[in-house]
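Q: This is the structure I have questions about; it appears just below.
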Amino acid sequence: MSTITLYSVSYDLASVLLGALGSILPGGARAAITSADVVTGLSVLIFGVILLAASMLNTILLIWWERKLLGRFMDRRGAMHVGYAGLLQNFADGFKLFRKDTVRPREADPLGFLTGPTAYMVTSMVIFGILPISTGWNSGALPLSLLLALAIFSFAPLFIFVSAWSSNNKYSLMGGMRSAAQMIAYEVPLLLAVVAVVIVSGSFSLTTIVTEQQNYWYWGPLVLALIVFVAAMLAEMERIPFDLPEAEAELVEGWNTEYGGMLFAFFMLADYLRALVGSILVVLLFLGGWTMPSWVPSAATSFPLAGIVWFMIKTYLVFGVFVWIRASLPRVRTDQLLRVGWNRMIPLSLLAVFLAAALVIVKCLPVFGCLPSVGG
Amino acid sequence: MSEMWINMGPQHPMTHGLWNLRVLIDGEMIVDVDPEMGYLHRGIEKISEDRHYNEVITLMDRCCYVAGFAWEHLYIIASEEALHLEPPERAQYLRVLCDEFQRIASHLMWYAAFVQDLGLMSPFLYGMRDRDLVLDLFQSYTGARMTYEYMRVGGVRSDLPPGFTDHARKVLDWLTDRFVEYDQLCLGSDIFRKRCDDLGTLKATDCVTHGVTGPMLRSAGQKRDLRKDRPYAVYDQLEFDVALADSADVTGRYLVRMEEMRQSVRLLRQVLDWLDRHPGPVLADRLPRWLGAPYAPVGKEGYLLKRNYPKGVGFSAVEEPHGEAQAYVVNEGGEHPYRVKFRSPVFANISAARQYLVGYHVADIPPIMGSVDVCVGEVDR
Amino acid sequence: MEPVDLTAALGPVLGDRLLGVEAFPRSAGRIRFERSGALDLFRAVRDSLGFRHLSMVGGIDWTDHREVFYVVWSDDRREYLFLSTDVPADDPHVESASGIWPSANWHEREAWELVGIEFDHHPDLRHLLTPDGYEFRPLLRSFKLHEPEELEVKTRHV
Numbered sequence: 161m162s163t164i165t166l167y168s169v170s171y172d173l174a175s176v177l178l179g180a181l182g183s184i185l186p187g188g189a190r191a192a193i194t195s196a197d198v199v200t201g202l203s204v205l206i207f208g209v210i211l212l213a214a215s216m217l218n219t220i221l222l223i224w225w226e227r228k229l230l231g232r233f234m235d236r237r238g239a240m241h242v243g244y245a246g247l248l249q250n251f252a253d254g255f256k257l258f259r260k261d262t263v264r265p266r267e268a269d270p271l272g273f274l275t276g277p278t279a280y281m282v283t284s285m286v287i288f289g290i291l292p293i294s295t296g297w298n299s300g301a302l303p304l305s306l307l308l309a310l311a312i313f314s315f316a317p318l319f320i321f322v323s324a325w326s327s328n329n330k331y332s333l334m335g336g337m338r339s340a341a342q343m344i345a346y347e348v349p350l351l352l353a354v355v356a357v358v359i360v361s362g363s364f365s366l367t368t369i370v371t372e373q374q375n376y377w378y379w380g381p382l383v384l385a386l387i388v389f390v391a392a393m394l395a396e397m398e399r400i401p402f403d404l405p406e407a408e409a410e411l412v413e414g415w416n417t418e419y420g421g422m423l424f425a426f427f428m429l430a431d432y433l434r435a436l437v438g439s440i441l442v443v444l445l446f447l448g449g450w451t452m453p454s455w456v457p458s459a460a461t462s463f464p465l466a467g468i469v470w471f472m473i474k475t476y477l478v479f480g481v482f483v484w485i486r487a488s489l490p491r492v493r494t495d496q497l498l499r500v501g502w503n504r505m506i507p508l509s510l511l512a513v514f515l516a517a518a519l520v521i522v523k524c525l526p527v528f529g530c531l532p533s534v535g536g
Numbered sequence: 092m093s094e095m096w097i098n099m100g101p102q103h104p105m106t107h108g109l110w111n112l113r114v115l116i117d118g119e120m121i122v123d124v125d126p127e128m129g130y131l132h133r134g135i136e137k138i139s140e141d142r143h144y145n146e147v148i149t150l151m152d153r154c155c156y157v158a159g160f161a162w163e164h165l166y167i168i169a170s171e172e173a174l175h176l177e178p179p180e181r182a183q184y185l186r187v188l189c190d191e192f193q194r195i196a197s198h199l200m201w202y203a204a205f206v207q208d209l210g211l212m213s214p215f216l217y218g219m220r221d222r223d224l225v226l227d228l229f230q231s232y233t234g235a236r237m238t239y240e241y242m243r244v245g246g247v248r249s250d251l252p253p254g255f256t257d258h259a260r261k262v263l264d265w266l267t268d269r270f271v272e273y274d275q276l277c278l279g280s281d282i283f284r285k286r287c288d289d290l291g292t293l294k295a296t297d298c299v300t301h302g303v304t305g306p307m308l309r310s311a312g313q314k315r316d317l318r319k320d321r322p323y324a325v326y327d328q329l330e331f332d333v334a335l336a337d338s339a340d341v342t343g344r345y346l347v348r349m350e351e352m353r354q355s356v357r358l359l360r361q362v363l364d365w366l367d368r369h370p371g372p373v374l375a376d377r378l379p380r381w382l383g384a385p386y387a388p389v390g391k392e393g394y395l396l397k398r399n400y401p402k403g404v405g406f407s408a409v410e411e412p413h414g415e416a417q418a419y420v421v422n423e424g425g426e427h428p429y430r431v432k433f434r435s436p437v438f439a440n441i442s443a444a445r446q447y448l449v450g451y452h453v454a455d456i457p458p459i460m461g462s463v464d465v466c467v468g469e470v471d472r
Numbered sequence: 036m037e038p039v040d041l042t043a044a045l046g047p048v049l050g051d052r053l054l055g056v057e058a059f060p061r062s063a064g065r066i067r068f069e070r071s072g073a074l075d076l077f078r079a080v081r082d083s084l085g086f087r088h089l090s091m092v093g094g095i096d097w098t099d100h101r102e103v104f105y106v107v108w109s110d111d112r113r114e115y116l117f118l119s120t121d122v123p124a125d126d127p128h129v130e131s132a133s134g135i136w137p138s139a140n141w142h143e144r145e146a147w148e149l150v151g152i153e154f155d156h157h158p159d160l161r162h163l164l165t166p167d168g169y170e171f172r173p174l175l176r177s178f179k180l181h182e183p184e185e186l187e188v189k190t191r192h193v
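These protein sequence lines are chains A, B and C, in that order.
If you're matching positions, the first sequence starts at 161 in the numbering used here and goes up one per residue.
If you're matching positions, the second sequence starts at 92 in the numbering used here and goes up one per residue.
If you're matching positions, the third sequence starts at 36 in the numbering used here and goes up one per residue.
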């Protein structure tokens, strides 16, 4: 039995579609349409559509998950009425936003105002083409996929700042400034934490990093890097306690104050896309990706697409932790945030890098494979 | 970077009401502030000159939507004095019951809004949830949750429904447990302490100079509570302590308000016990007819029964949840008050905004103004 | 503090500008004074009697004249004191107390815009509750609630 991969699914779909189309066409056209080039071309298109749909669907599901969790943390129920347990609530909300007018302030700069959110959205979605979900479920084993993903991830402050500045609103501008300062400050510890992972795994490829975790997940040996990574990721995702750029108490909505309708929905979706990317990265780098420890019964890990199922479960649990943090912590202040970023996080992440290097040098990594709770 | 003015309000998440805080900022620092009030001015003092004494009570509820009872009580004391009336003792206890439950409801509302300003999401819902329990109690004996119209010149409108005191005690037990949880959520959080300690400091001398009263003054270590200093109603017969803190900052105001809620619970238990043991009338029996009527008479004649009511002035000062409220009622005979003047504690507290805001960050405005507990309805009247 | 004590304490300062001291509910009493002695009285009340906290300032329109009243509080004595002075309706001027009690600032702005009392040497006499340029004094008896003044409302969509 050949394994199901994202390529095989899209190729099969393309050939089935074209075959069905070809069967009702005359001979010459049939031959042209079922040629290998056309099938491959269509399969790439389908491949993209699947990725797009999957990322969007997961984002919307993620919003639902956050709303329900937050509701429980707050002693209420969250969305309840549209669909089963409110599952369709976000689709309804999205539809409402979709139907709204795009209102642009008269004084706003049209180009930046429109391209900012669009580019923010697009760059956030591109990352999904890079992240592997399971064995074979990625757009190709890029040798530097981790680096590429993080590079695209760090585009965000630029577009946030563009849209904030072109809104021509004082609150937006302040939010944009804060956002840029915060993201740049936390980019460094984030990358350094990743360096620790790279040192231990010896690869920049996300797929390799996951397969390297077959024996032990990295959160055990690299617990310091994990803490730094999660904290920096919270800042990059602009979630409480680091949601200063859109601290609604003082900045109304921060850099997206002037946005409404679909452009606001772009920001909202992109924010959750980034949250999803953040959770996925935590799973990939520290929690073994789609692999499961050996003490899990093999029946639970060997059914078709088991990797994806486990991967999604882990991702949603990680995001649940982010929601938990959001529900229980107050917001910090800008200067405190930056001070923590430069004075605490960077030394900590450097320490994590040194620890990782030390682990590799003294070759004590396999020890962690003995701990069943860690993985392997 | 050059300085710029930003308008925080009239529609802004920080304001909790309709007012405008103009802030001159240099980067993220506050250089100057200029509060602009009046967006909610309804002319309550003027309208009162055209109303019968009991009809003004309706307006008092609208003075402050979170502390309606306190304002009713304030006005009632002053007008009873102006009209030379004495309420029965049970009515006095009922008023204290209203006052203290109102204090808890108001402080819970403050807690919810304040933690929301800090970005704490869950406690916001907890505060609102527990405040609803108190509002349920109000509803059970006044019929309303926010605009009660319960007190009357010469007493209160009606007695408590049967079983009320037991229900109220259950609510108090629940609240006592919740207060512990609130403290854990706030004081137990390092970020909370980092944000609130030494923030918005206003020393006791500055408080006095700028007319600041209430929890803000008590958080600066000055023991001043009208319930102790100039006891009204039956506060001199009840046991409680004045909540104090000495840090004069946002944390201090938090501590004072939390302690005040605990003291209110203590007061309420005494009041409930007294009410159980002492049934009696709740409205003075010798009232002019238009004052005794529980509902406003429909016909025009009903108003004009007594024209030459003896003149008098009334002055009252009440420890409202936000601070020290005062009312001055001038009765020149006739059925309307000649002049009613109110002093809102928040009015004075906001007027000192420059003293406790300048020099902090823009991000500090919401917690500082949250710790002031702004209620615009009573500022603008 | 009894009215007699107040007279004894303030009489030497104000002389015949002290018009009388009378009992007043829930307070030490009410001091009636000539408006020319306002600042002297304020200073004496704050510094020698210890009433450091100004609670409120208000105005009453008695049609033929207007009354300005001040409520002050002493933390040492734990009591209120009323100060009140009359100003003629056609010349409603009185010295501002905000130099002595800074908290008078906003109260005087309110009394100015609602009752029409002019406070001399006030640092910042702007509209507080009513809009800028609002020329009516709503708390005057001549401002009738049932006969609304015609106000021209300017809207953008005519």
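Using N, Cα and C, we set each Cβ at its ideal position, and we do this for glycine too.
Taking Gly291 (chain B) as the reference, which of B:Val467, B:Ala443, B:Glu127 has the closest Cα?
A: The shortest C-alpha separation from Gly291 (chain B) is found at B:Ala443.
Q: To the nearest angstrom, how far is it from the Cα of Asn422 (chain B) to the Cα of Glu143 (chain C)?
A: If you take the alpha carbons of Asn422 (chain B) and Glu143 (chain C), they lie about 23 Å apart.
Q: Using a Cβ-Cβ cut-off of less than 9 Å, give me the residues of the region 440 to 472 of chain B that come near chain A, in sequence order.
A: Those residues of the region 440 to 472 of chain B that come within reach of chain A (Cβ to Cβ, closer than 9 Å) are His452, Val453, Ala454, Asp455, Ile456, Pro457, Pro458, Gly461.
Q: Taking all protein chains shown into account, do 16 or more other C-beta atoms lie within 10 angstroms of the C-beta of His132 (chain B), making it buried, or fewer, making it exposed?
A: So His132 (chain B) ends up on the buried side.
Q: Bridge partners of Arg65 (chain C), per DSSP?
A: Its beta-bridge partners are C:Glu57, C:Phe117.
Q: With a cut-off of 8 Å, does the C-beta of Asp431 (chain A) fall near any C-beta of chain B?
A: So, not an interface residue.
Q: For chain B, find out if any of its Cβ atoms is closer than 8 Å to the Cβ of Arg236 (chain A); answer yes or no.
A: By this cut-off, Arg236 (chain A) is an interface position.
Q: Would DSSP call Ser138 (chain C) helix, strand or coil?
A: Reduced to three states, the DSSP call for Ser138 (chain C) is coil.
Q: Could you tell me which chain B residues have their CB closer than 7 Å to the CB of Gln496 (chain A), listed as they occur along the chain?
A: Chain B residues near Gln496 (chain A): Lys285.
Q: Less than 8 Å between CB atoms is the rule here; does His175 (chain B) satisfy it with respect to chain C?
A: With 8 Å as the cut-off, His175 (chain B) does not count as an interface residue toward chain C.
Q: Starting from Ser170 (chain B), find everything on chain A with Cβ-Cβ shorter than 8 Å and list it in chain order.
A: Going along chain A, no residue has its Cβ under 8 Å from Ser170 (chain B), so there is no contact; the nearest lies around 40 Å.
Q: Against Ile152 (chain C), what residues of chain B qualify as contacts under a CB-to-CB distance less than 7 Å, listed in chain order?
A: Near Ile152 (chain C) there are no residues of chain B at all, since even the closest Cβ is about 13 Å away, more than 7 Å.
Q: Exposed or buried, what is Gln102 (chain B) when buried is set at 16 or more other beta-carbons lying within 10 Å of its beta-carbon?
A: Result: exposed.
Q: Quick one: Cα of Pro104 (chain B) to Cα of Val463 (chain B), how far?
A: Those two C-alpha atoms are separated by around 15 Å.
Q: I'd like the ranges of any alpha helix (DSSP H) spanning at least 4 consecutive residues and lying wholly in the region 108 to 147 of chain B.
A: Qualifying alpha helix (DSSP H) stretches, in chain order: 135 to 139.
Q: Report the option in C:Thr165, C:Ala139, C:Gly50, C:Ser71 whose CA atom is closest to the CA atom of Leu89 (chain C).
A: Measuring from the Cα of Leu89 (chain C), the nearest candidate turns out to be C:Ala139.
Q: Under DSSP, the alpha helix (DSSP H) around Gln496 (chain A) begins and ends at which residues?
A: Segment 494 to 499, the alpha helix (DSSP H) holding Gln496 (chain A).
Q: Check Pro388 (chain B) in the structure and name its three-state DSSP category.
A: Interpretation of Pro388 (chain B) is limited by its pLDDT of 38, a score under 50 that renders its predicted location unreliable; the figure taken from the coordinates is listed afterwards. Here Pro388 (chain B) sits in coil by DSSP.
Q: Can at least three beta-carbon pairs, one atom from the region 305 to 318 of chain B and one from the region 226 to 240 of chain B, be found at a separation below 8 Å?
A: Segments in contact, no.
Q: Which chain A residues are close to Tyr217 (chain B), counting only those with a beta carbon under 7 Å from its beta carbon?
A: The contacting residues are Asp235.
Q: Can you have a look at Val263 (chain A) and say buried or exposed, based on whether 16 or more other CB atoms are within 10 angstroms of its CB?
A: It counts as exposed.
Q: Specify the secondary structure class of Ile290 (chain A) as computed by DSSP and reduced to three states.
A: Three-state DSSP puts Ile290 (chain A) in coil, outside helix and strand.
Q: Does the distance from the CB of Val147 (chain B) to the CB of Pro428 (chain B) come in under 8 Å?
A: It is a contact, given that the beta carbons lie within the stated cut-off.
Q: Would you decide whether Thr120 (chain C) is buried or exposed? Buried here means 16 or more other CB atoms lie within 10 Å of its CB.
A: Buried.
Q: Which of helix, strand or coil does DSSP assign to Phe331 (chain B)?
A: Coil, per DSSP.
Q: For a cutoff of 8 Å on Cβ pairs, would you count Lys294 (chain B) as touching chain C?
A: Closer than 8 Å: no.
Q: Identify which residue in B:Leu209, B:Glu330, B:His258 has its Cα closest to the Cα of Val492 (chain A).
A: Nearest option by C-alpha distance: B:Leu209.
Q: Indicate whether the contact test is met: 3 or more Cβ pairs, each with one atom in the region 100 to 120 of chain C and one in the region 265 to 285 of chain B, closer than 8 Å.
A: No: the two stretches stay apart, fewer than three of their Cβ pairs being nearer than 8 Å.
Q: Under 8 Å: do the region 169 to 184 of chain A and the region 204 to 217 of chain A share three or more Cβ pairs, one atom per stretch?
A: Yes, the region 169 to 184 of chain A is in contact with the region 204 to 217 of chain A.
Q: Classify Ala309 (chain A) as helix, strand or coil using the three-state DSSP reduction.
A: DSSP places Ala309 (chain A) in helix when its eight states are reduced to three.
Q: Does Val106 (chain C) get closer than 8 Å to chain B when you measure Cβ to Cβ?
A: Closer than 8 Å to some Cβ of chain B, the Cβ of Val106 (chain C) qualifies, so yes.
Q: Which residues bound the alpha helix (DSSP H) around Trp224 (chain A)?
A: From DSSP, the alpha helix (DSSP H) with Trp224 (chain A) extends over 196 to 233.
Q: Give the straight-line distance between the Cα atoms of Arg284 (chain B) and Leu346 (chain B), rounded to the nearest whole angstrom.
A: Computed Cα separation, rounded: 12 Å.
Q: On the premise that Leu164 (chain C) lies in contact with Lys137 (chain B), defined as a C-beta separation below 8 Å, what is that separation, rounded to the nearest angstrom?
A: About 11 Å; that fails the 8 Å criterion.
Q: I'd like the list of long-range same chain contacts for Val389 (chain B), defined as Cβ closer than 8 Å, with 5 residues on each side in sequence excluded.
A: Here Val389 (chain B) scores only 35 on pLDDT, less than 50, and its place in the model is too uncertain to base an answer on.
Q: Which value, in whole angstroms, describes the spacing of the CA atoms of Leu217 (chain A) and Ser294 (chain A)?
A: Cα-Cα distance, rounded: 18 Å.
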